[in-house]
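A short worksheet on the structure shown next.
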Amino acid sequence: MSGTPPVPRGEVPARLLAWWEGHRRHFPWREPGLSPFAVLLAEVLLKRTTATAAARVYPVLLARYPNAHALASAPPGELEVILSGVGLQRQRARGLKEMASYLCANAGGEVPRDLGELLRVPHIGPYTARAVLVFAFGEPLGLVDSNTVRVFQRLFGGTAPQGRGLRAYQGLADSLVPPDRPREYNWAFMDFAALVCRPGAPQCGTCPLGHVCATRTAAPGGSPDQRGLCGGDRPPHGGRDQESGYRD
DNA sequence: TTCCTGAGAC
DNA sequence: GTCTCGGGAA
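In case it helps, the working numbering puts the first sequence at residues 805 to 1052.
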């Protein structure tokens, strides 16, 4: 009896990527060869917005505003019309213009490849800045949002970071990213969180991480019974913080 | 009803 | 720290 068996984290990225080969979702902003600005445009558009809704307007947006200069000089009201129906029209239209104007005035209209610089751009926060670094420049960073936290808590159980904010999970998220495939891994993680390890009714029966999931293996008897064990809203039960090897 | 690739204002 | 933006989909 060696206490609680540690979750073999090393297997997680490989299993996720293998699963993703047959389950990946396709979106316009995942096409190869997009400019950093095109990536930034997608990330800002996707904030608090469903991917299917964003996919409806993204091609129109990108075709009309292929760079920061075009977006910054968009006629008043034009952006709102394009964004109507997606939600958050007013704030997002204003935010996109302010962002583009800042880039034109302070960065020559280019998207900075630097976390600190990106965080100075209006309406770019910790998530969007890292997403741009990952998807536009291939930096090996992990993306942390509420979905990341949910998956980590289910997957690692009591050995997951115990902090309250999203920042507590950044180090673990970064440590899981395969240095040679940051884009594919982060897309795989997002698709996994959206399709399998969902907020409600997680698909534990077909989960590619079932054998390494703390929530599932917490089942008595070790047999993966088909009750919705992962469906619990709370983490398995507090297992001492234990540091969990989390480093920044 | 909750949730969606969050971030700014307070 | 909390509140707000927002329409659409499950």
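Where a beta carbon is used, it is the ideal one built from N, C-alpha and C, also for glycine.
Of the residues the options, the one placed nearest residue i, counting alpha carbons only
i, options, result
"W823", "Y989, L922, G975, P965", "Y989"
"L838", "V981, C1017, R987", "R987"
"Y973", "P880, F841, Y931", "Y931"
"N871", "E914, G929, H1015, C1017", "E914"
Secondary structure of residue i, DSSP reduced to three states
i, result
"T856", "helix"
"V953", "helix"
"V981", "coil"
"S905", "helix"
"Q895", "helix"
"P1054", "Outside the shown range of the chain (805 to 1052) lies residue 1054, about which nothing can therefore be said."
"L821", "helix"
"L875", "helix"
"V861", "helix"
"H927", "coil"
Residue i to residue j span [Cα, whole Å]
i, j, result
"S979", "G946", "8 Å"
"R898", "L937", "23 Å"
"A855", "K901", "21 Å"
"R954", "L1013", "14 Å"
"W991", "L892", "24 Å"
"Q966", "D949", "15 Å"
"A846", "P832", "9 Å"
Residue i, buried or exposed, once every other Cβ within 10 Å from all chains shown has been counted against 16
i, result
"A876", "buried"
"A1005", "exposed"
"G889", "exposed"
"A997", "buried"
"V1000", "buried"
"T952", "buried"
"V885", "exposed"
"A842", "buried"
"V816", "buried"
*asked:* Measuring CB atoms only, is the stretch 956 to 967 touching the stretch 856 to 875, in the sense that at least three cross pairs come out at less than 8 Å?
replied: no
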